[in-house]
Amino acid sequence: MNKTCLECGEKIVGREDKKFCSDGCRNSYNNKINKDSTNFMRNVNNKLRKNYRILSALNVDGKSKTTRTKLLSKGFDFEFFTNILNTKTGNTYYFLYDQGYLALENDYFMLVKKDI
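Residues 220 to 335 in our numbering are what the sequence shown spells out, letter by letter.
What follows is the structure in structure tokens.
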């Protein structure tokens, strides 16, 4: 049985379950599959990552307070988040994966980390 590399089509020599002729072909194939399909998608993912890094840096202990000014000065974009949590008490938390924030009075924010 002659198997060929999924990336370049070269003949594969070696183990029976091998799919690629080299690590380079395997990496190239997986990079193509996992690439963001559009600039829009890439830009949104970059903004989500940036927001997450900002919250993580400001919320080292898992619960802290900060101001809108501090978040904005670091480049935080309030339009990008991954999910919303509405509590029974009527509070609305905005999350970026496991890092979240709750708007308080006077432009303060409570930063929280969700236990996963």
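Glycine included, C-beta positions come from ideal geometry on N, C-alpha and C.
Burial state of Cys227, where buried means 16 or more other Cβ atoms lie within 10 Å: exposed
Compare the Cα-Cα distances from Val331 to each of Leu323, Gly319, Glu324 and report the closest residue. Gly319
Among Lys289, Asp334, Lys222, which has the Cα closest to the Cα of Asp280? Asp334
Sequence-distant residues of its chain with Cβ nearer than 8 Å to Asp260 (five each side left out): This sequence places Met at residue 260; Asp is not what is there. Answer for Met260: no residue qualifies.
If you scan the stretch 261–292 from start to end, which runs of the alpha helix (DSSP H) of 4 or more residues do you find wholly inside it? 287–292
Return helix, strand or coil for Gly319, following the three-state DSSP convention. strand
Exposure label - Asn270; buried when at least 16 CB within 10 Å: buried
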